[in-house]
Structure formats: structure tokens, C-alpha cells
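Its first residue numbered 1, the sequence shown is counted upward by one per residue in UniProt numbering. Don't be surprised by glycine CBs; every beta carbon is placed ideally from N, CA and C. The structure appears right after this line, and notes come after that.
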Amino acid sequence: MSHTFLEQLWIARFVILNGLMMTVSISLLAILAGSVAGVFVGLALAYGNAVLRLVVRAYTDIIRGTPVLVLVLASYYVSSAVGVDLGPFSAGVLALAVFCSSHVGEIVRGALQAIPRGQTEAAKAIGLTFGQTFTSVLWPQALRQCLPTWVNTAAEMVKASTLLSVIGVAELLLRTQEIISRNFMSLQFYFLAGALYFIVNFGIERFGKFVERKTALPS
1 MSHTFLEQLW IARFVILNGL MMTVSISLLA ILAGSVAGVF VGLALAYGNA VLRLVVRAYT
61 DIIRGTPVLV LVLASYYVSS AVGVDLGPFS AGVLALAVFC SSHVGEIVRG ALQAIPRGQT
121 EAAKAIGLTF GQTFTSVLWP QALRQCLPTW VNTAAEMVKA STLLSVIGVA ELLLRTQEII
181 SRNFMSLQFY FLAGALYFIV NFGIERFGKF VERKTALPS
């Protein structure tokens, strides 16, 4: 049986590799776009005026309360209905990035609001603009608090990428299912897919640890 599995694995190696690369590409783009957008969401929640906070709060609550599958379907089908031609890949990345931004926004908001207000006032007193205060005073401290939860969110995006198969994105899970439909080796190939997802998420966790060490305060 193991010999047969190895034979089938060799036959399907490029299919699996293409699916893995698609999963990594989608997850990376969604995490990057969602993280950048999430920083602005967090800033708006922490320092925006009342109207802006209300709008952004509604955005984060609605997105966080909506299942990722619904966001994926909406990004693909609603965009087509309103005349925006998004392919499955672009629609999938958009849906995951939007979902990621709402979670990262809450993470950033909590980290920023945990910083004593006196530090912001001190920065104003020495003439720093808000942008300088954010980049030099607030963000370095907030980043250290954000990292552990951000790693969890990034891992969730990798797992959520499996839902994109419903709109035809040929990511790892869909490719695995296609292979299984030909050789009926469900257990072996699902186990392989699970191991590959673990490797991707382990890489994200290691990257988070690396950044955490680089940003840690000297002891």
C-alpha cells in the first residue's frame, strides 16, 4: 500500500505543488493586505473622531460576525452583479483580506489603547506630529503586544483559504480532492494535505517568533 501511495504521490507531485503554491500565494496576499488595512482600522478605532469610530466600528462588527464563506461568496458573486469583474483568485484574496483587516484592526486598537496616554502627550509636548508619534513611540510598543495574536490570525487565514475551493480556486484542498477522486486514497492524501498546512502555519509561527525577538526590549 505504501508503495502504491508513493507511486501516486509521484504522479501527482506537480498538482500538489501547484495547489500548495496557490494556497501560499493567496494566504500571503490576504495577510499582507489585511494587516496593512487593519493598522488603519485600529488607528481609526483608537484615535478617530466620533463619526469615524462609529463607521469603522460597524465595519469591524459586521465583518467579524459574518462567516468567511459568506464573504467569499459575496466577493465573487456580488462583485460580478455590480459590474466589477473579479476572478476567483482576486475575489478570494479580497474576502480573506477584508476578514483579516477586521481582526487585525481590533488587535491594533487594543494594543494602542493599552499604551499610557501620557506617552502621546509627552510626544506632543516635544513637537512630534501624530505620524512621528505613531511610528516612533506608539507602533514599536503596540507591535510587541500585537505579534502573538497576529500570528494566530495569520494562521486562520491559511486555514480559511480552503473555503476558496467553492468558487473554483485551485488551492491545496481542491487539488487534493481532485487527486483522491482519481485514486481513492482519501486517508493518505488528506493526511499529506494536513501536513502541508501545518508546515505553512509553522513557518508563520516561526516568522512571528523571529520578529518578536527582533523587536524585544533589551534585557
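For L17, the uninterrupted alpha helix (DSSP H) segment begins and ends at 13-47. DSSP places D85 in the coil class of the three-state scheme, outside both helix and strand. Excluding sequence positions up to five before and after V211, its CB lies within less than 7 Å of the CB of L147, all in the same chain and listed in chain order.
Residue environment for F191: exposed (fewer than 16 other C-beta atoms within 10 angstroms of its C-beta). In the three-state DSSP reduction, P67 falls in the coil class, being neither helix nor strand. In this chain, the alpha helix (DSSP H) harbouring A155 covers 139-160.
Counting other Cβ atoms within 10 Å of its Cβ, R206 stays below 16 and is therefore classed as exposed.
Apart from the 5 residues on each side of it in sequence, G19 sits with its Cβ closer than 8 Å to the Cβ of A170, E171, L172, L173, L174, R175, T176 in its chain, given in chain order. Counting only residues of its own chain and dropping the five nearest sequence neighbours on each side, R64 has a CB closer than 6 Å to the CB of S102.
Using a Cβ-Cβ distance cut-off of 8 Å, the region 67-78 and the region 7-23 are not in contact, since fewer than three pairs of beta carbons, one from each stretch, lie closer than that value. If you draw a straight line from the Cα of A91 to the Cα of T60, it comes to about 19 Å.
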